[in-house]
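Trainee:
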Amino acid sequence: MRRVVCPGSFDPITNGHLDIIARSARLYDEVTVAVLINLEKSSLFTVDERIEILQAVTKDFPNVKVRKFHGLLVDFCKQNDIPAIVKGIRVVSDFDYELQMAQLNYRLSGVETLFMPTNPEYSFLSSSRVKEIARYGGDVSGLVPDLVHKLLVERLRG
Ligand code: PNS
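Read left to right, the sequence shown gives residues 1 to 158 (full-length UniProt numbering).
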């Protein structure tokens, strides 16, 4: 069984994240989407809400499962017998940041990191920009799954 993890905050999931998850699901037998529980960072959606959203938008991929984790990602990988992490790279500055994390994670545990170039259609996307646009009434349809669009409008403008 070839397993990978797609980790992140997913507050909320964007179409860029979904593209990386879908492409990983075509390459691997099992993809675990792992949502970081970060008590220090305030979030728009709770971890359980994010998990529900992720489950709904990945329901057509039978080999994708959604979990939450806290602490080190490599510990989650070891506990779940996952040998590799998939990370989407949008721009060169992502690579600088991700390379350090990948090397540290490997040094700590031997868990590999695989970089997947983001679909250029989504290379400008981030959860924080999406929230900012939605908060000020901008149109984020096409940038996030329809369910997320609906929930953002409800939460930020309702
Ligand atoms: O979507 P994000 O917020 O960019 O995701 C970042 C995430 C969750 C992948 C990263 O912060 C992470 O792996 N956090 C867990 C803590 C950890 O393992 N830190 C050591 C990195 S060397």
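Backbone N, C-alpha and C fix where the C-beta goes; we use that ideal spot for every residue, glycine too.
1. Expressed to the nearest angstrom, what Euclidean distance is found between the alpha-carbon atoms of A56 and Q100?
2. Mind listing which residues have their beta carbon within less than 5 Å of any non-hydrogen atom of the ligand PNS? Chain order is fine.
3. Alpha carbon to alpha carbon, how far is N38 from V91?
4. Compare the Cα-Cα distances from E49 to each of D81, S9, Y97, L104 and report the closest residue.
5. Spatial neighbours of R155 within its chain, please: C-beta separation below 7 Å, excluding the five flanking residues on both sides.
6. Alpha carbon to alpha carbon, how far is S123 from G138? Give it in angstroms, no decimals.
7. Closer than 8 Å by C-beta to S93: which residues in its own chain qualify, once you throw out the five before and the five after it? Chain order, please.
8. Report buried or exposed for K131, applying the criterion of at least 16 other Cβ atoms within 10 angstroms of its Cβ.
9. To the nearest angstrom, report how far apart L114 and D96 are at their CA atoms.
10. Can you tell me whether DSSP reads P120 as helix, strand or coil?
Mentor: Answer, in terms of the structure:
1. 32 Å
2. P7, G8, S9, L36, L72, L73, M101, L104
3. 25 Å
4. S9
5. L44
6. 19 Å
7. none
8. buried
9. 14 Å
10. helix
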